[in-house]
Amino acid sequence: MSATEVKLFGRWSYEDVMVSDLSLVDYIAVSKSAQSFLPHTAGRYQMRRFRKALCPIVERLCCSMMMHGRNNGKKLMAVRIVKHAFEIIHLLTDKNPIQ
């Protein structure tokens, strides 16, 4: 493991993640600039049109889980749920859950 390798939650690498659907390549951000250790960048991706496509895909998943009134603003809870879900996926399939 190199010192510059970014792994989601310190466990899963972004290196082998491929987007198979050609129409979604521009909208699912898994490139080098969209890699992060935690899905909490505090970025302002809504300021320009289509900039939300640059937001890391795991962070977009966390943000979409914060819908409805009782879950508003509880991003740490959403990040924890996604982390537990990724661990379950990894245990059941032995594959990278980001894929």
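Heads up, the sequence shown is in UniProt numbering, so the first residue is 1 and it goes up one at a time. For each residue, glycine too, the CB sits at the ideal point set by N, CA and C. As the structure is a computational prediction, the values presented were derived from the model and not from experiment.
Proximal residues to residue i (C-beta, below 6 Å), its chain only, five neighbours per side dropped
| i | result |
| --- | --- |
| Ser13 | Lys7 |
| Tyr45 | Arg51, Lys52, Cys55 |
Endpoints, the alpha helix (DSSP H) within which residue i is located
| i | result |
| --- | --- |
| Cys62 | 57 to 64 |
| Glu87 | 75 to 93 |
Length of the line joining the Cα atoms of residue i and residue j
| i | j | result |
| --- | --- | --- |
| Leu38 | Asp21 | 25 Å |
| Cys55 | Ala29 | 6 Å |
| Ala85 | Gly10 | 15 Å |
| Asp16 | Gly43 | 25 Å |
| Arg70 | Arg51 | 27 Å |
| Arg48 | Glu87 | 34 Å |
| Ala34 | Arg80 | 20 Å |
| Leu91 | Pro97 | 10 Å |
| His40 | Thr93 | 26 Å |
| Lys75 | Val58 | 12 Å |
| Met18 | Gln99 | 7 Å |
Chain-order list of residues whose beta-carbon lies under 7 Å from that of residue i (same chain, five-residue window excluded)
| i | result |
| --- | --- |
| Ala53 | Asp26, Tyr27, Ala29 |
Whole-number beta carbon distance between residue j and residue i, since they are thought to touch under 8 Å
| i | j | result |
| --- | --- | --- |
| Val82 | Cys63 | The Cβ separation is near 10 Å, so there is no contact. |
Cβ-based neighbour list, residue i, same chain, cut-off 8 Å, excluding 5 preceding and 5 following
| i | result |
| --- | --- |
| Asn72 | Met66 |
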